[in-house]
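Okay, so the sequence shown: first residue is 37 according to my numbering, each after it adds one.
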Amino acid sequence: MDIPIEIKLDFKSMKKDLIHGIYNCSQRGLYHAVKWLSEINLSLKHVTLPSESRPEKENDLEEEFDEFILAKSYFDLKEYDRCSHFVKKCIKPKCKFLYFYSKYLSIEKKKLEDNMIDTNSSHDSTKNEALIDLCTTLKIENFENKLDGYSLYLYGVVLKKLDLIPIATEIFIKAVNAEPMLWSAWFELGKIIPDRHTIFATGLPDHWMKYFFLAHTYLEQLNNDESLQMYNTFYSLGFENCTYVLSQIALGHHNRRNLNEAIDIFQRILELDPYRLDNLDTYSNLLYVLEMKKDLADLAHKVVNIDKYRVETCCVIGNYYSLRSDHAKAVLYFRRALKLNPQFLSAWTLMGHEFMEMKNTNAAIQSYRHAIEINSRDYRAWYGLGQTYEILKMPNYCLRYYKRAQQLKPNDSRMVIALGEAYEKLDKTENALKCYYKACNLGDVEGIAILKLAKLYDKLAEIENAAAAFTEFCLREDGREQKTVEEQAEFYNALQYLANYHLKKGELDDAYTYAYKCLECEETKEPGKALLKTIASKRAESEAGPTRMSESNASNTDMVFSPNQM
């Protein structure tokens, strides 16, 4: 964040705004906005307001009150066509919003019903005439200044569905200026603003809701440090028990690979709200990565008992089966999640990973592409596409997708290493070296960047640099327990390389140290024995004719590459 944002909150003003926002959104069936506002409001339980500050009931409807009440009852029962029919001729803003919103939800409901038949059908490729007609109507209403903030929000949603992003951005900005308490409009705006510089170029209202929007959007754009700074400020200002704020902090730690911190926060959230399912798909990802099988099994059992038909539940169960290597069942549950909500990003990405495990690259590519259509900032989907094209031996495509993933996560060493590998396969060794160096500087999360660097130097016959990198690799690996079979093989091969290197330089003590350690591994035991025999022979020669070894006694030879300078 270029300039630190000072967050100042007037709790009485916030409480009043929240009460009115909850009432107005509830009246219009904007239940996700109501839930968000209510979670924030609960943290201000200690703030009291005079009774006159409560919202007045239905004074804005006058003679259209009866139609509104009837239509709203149909809306709550999800009878959207009936709802729109009974408020079709109404002119009051609240009734007009209910008309447009029920028309939109009817379109989406029919689309979802079609999706139940075929998960892979793409509605984006077919022109949805009903949605275009609704967009045209809203456009005319907007031109005549007949849309209030709520209807402007809906107009923005329709524009976004039709991929008219620049216009949608303008409309969402108008919506939040007209109705600052409409969190749904802020939320949608956060999804489509391209970067943080654009945020401050837009004409956002000077309202306390902007702070929550900025924190949310920073997290959406993977500016995790800035986002965590703001959410931690909310935490310290009295929102320490707000499950929304805590979940956002957990997501920030997840994005930064602070896995244990994120797990601790999710566990705290479940203590505060044991039946909360929001973001538990991310929690299950964390348990999956750390291979916490029992915890993941317990979580799967818990969420099924709460609501087996929630998308988060399906993703948790999918991860559970994936960790058990039952990839076919995992795909089944991710598909089930997508039947419930085709726009659920996490399910597309996770399903792509499962298809990769099943060696079904075509299905994996389709899954990752769906994820990118929903959110082009999903680095996991770009990275997954890079992996699929790597398997298909199409390095130019592979490079393109890894580049995009690395741009989205510039400080993630895994993305940089993948990019380096792609460059190496295209014989762009200078670019590959730069990537491996950068990965080392970024902390080398997986501990393989230094090994990649060493091998590439060896391939380029830059022996001194290769030896220095192998030395650094061995120092890191020597004290680490629980190595995989592959990691053990790499470690002992590096020891063998260094034994040969020091032997050629006449540094017999160092050569002996590395060769002796080779005896610990079955694969390098025989080469190790041969090296020790050669070292013993060299020592015997040295003792017989010390002058012959005079050129080889410089044990502190300077190397061009120094791991400490990375």
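Ideal Cβ positions, reconstructed from N, Cα and C, are used throughout, including at glycine. Quick caveat, the model's predicted, so the values are computed rather than measured.
For residue i, three-class secondary structure by DSSP
i: GLN257; result: coil
i: VAL123; result: coil
i: LYS114; result: coil
i: GLY483; result: coil
i: GLU390; result: helix
i: VAL340; result: helix
i: GLN518; result: coil
i: ILE43; result: coil
i: TYR345; result: coil
i: LYS163; result: Note that LYS163 scores 48 on pLDDT, short of 50, meaning its location in the model is unreliable and no value can be drawn from it.
i: ARG436; result: helix
i: TYR533; result: helix
i: LYS71; result: helix
i: LEU80; result: coil
i: CYS554; result: helix
i: ARG64; result: coil
i: GLU577; result: helix
Nearest-angstrom Cα separation, counted from residue j out to residue i
i: TYR186; j: ALA211; result: 7 angstroms
i: LYS429; j: PRO241; result: 50 angstroms
i: GLU115; j: LEU188; result: 23 angstroms
i: THR385; j: GLU393; result: 13 angstroms
i: ILE486; j: TYR552; result: 23 angstroms
i: LEU250; j: TRP72; result: 16 angstroms
i: ILE127; j: ILE43; result: 40 angstroms
i: ASN477; j: SER573; result: 41 angstroms
i: CYS61; j: ASP102; result: 19 angstroms
i: THR520; j: GLU149; result: 47 angstroms
i: ARG450; j: THR84; result: 50 angstroms
i: SER49; j: LEU78; result: 15 angstroms
i: GLU426; j: TYR437; result: 10 angstroms
i: LEU258; j: LYS445; result: 7 angstroms
i: ILE201; j: LEU534; result: 57 angstroms
i: GLU498; j: TYR548; result: 23 angstroms
i: TYR294; j: GLN265; result: Before going on, a small fix: residue 294 reads as Asn here, not Tyr. Spanning the two alpha carbons is a distance of roughly 15 angstroms.
i: CYS351; j: TYR271; result: 29 angstroms
Minimum C-alpha distance to residue i - residue among the options
i: SER263; options: ARG360, ILE41 and LEU73; result: ILE41
i: ALA400; options: LEU421, VAL452 and LYS344; result: LEU421
i: ALA221; options: PHE248, THR234, ARG292 and PHE236; result: PHE248
i: LYS197; options: LYS227, LYS182 and LEU218; result: LYS227
i: ASP74; options: ASP53, SER120, VAL123 and ASP334; result: The amino acid at residue 74 is misidentified as Asp; the sequence shows Ser. The option with the nearest alpha carbon to SER74 is ASP53.
i: VAL452; options: LEU462, ALA441 and GLU100; result: ALA441
i: ASN81; options: ILE55, PHE104 and VAL70; result: One point to set straight first is that residue 81 is Lys, not Asn, in the sequence displayed. Comparing Cα positions, the closest option is ILE55.
i: TYR140; options: LEU195, GLU100 and MET387; result: LEU195
i: ASN529; options: GLU513, GLN518 and TYR135; result: GLU513
i: GLN171; options: ASN181, VAL193 and GLU180; result: For the record, residue 171 in the displayed sequence is Cys; it is not Gln. When only C-alpha atoms are compared, the closest one is VAL193.
i: CYS488; options: VAL481, GLU498, ILE499 and LEU469; result: The residue asked about is misnamed: residue 488 is Lys in this sequence, not Cys. With distances taken between Cα atoms, LYS488 lies closest to LEU469.
i: ASP117; options: LEU134, ASN447, HIS337 and VAL340; result: LEU134
Residue i and residue j closer than 7 angstroms at C-beta
i: CYS554; j: GLY542; result: no
i: GLY456; j: TYR472; result: yes
i: ALA525; j: ALA505; result: no
i: LEU322; j: ILE299; result: yes
i: LEU316; j: GLU348; result: yes
i: ALA503; j: TYR550; result: no
Anticipated Cβ contact below 8 angstroms, residue i with residue j, distance rounded
i: ASN355; j: LEU332; result: 6 angstroms
i: LEU544; j: ARG575; result: 6 angstroms
i: GLU224; j: PHE236; result: About 19 angstroms separates the two Cβ atoms, so there is no contact after all.
i: GLU460; j: LEU492; result: 6 angstroms
CB contact below 7 angstroms: residue i versus chain B
i: GLU393; result: Although the question refers to chain B, the structure presented lacks it and comprises just one protein chain.
beta-carbon residue i near the ligand MG non-hydrogen atom, thresh 6 angstroms
i: ASP150; result: This structure lacks the ligand MG, and indeed carries no ligand of any kind.
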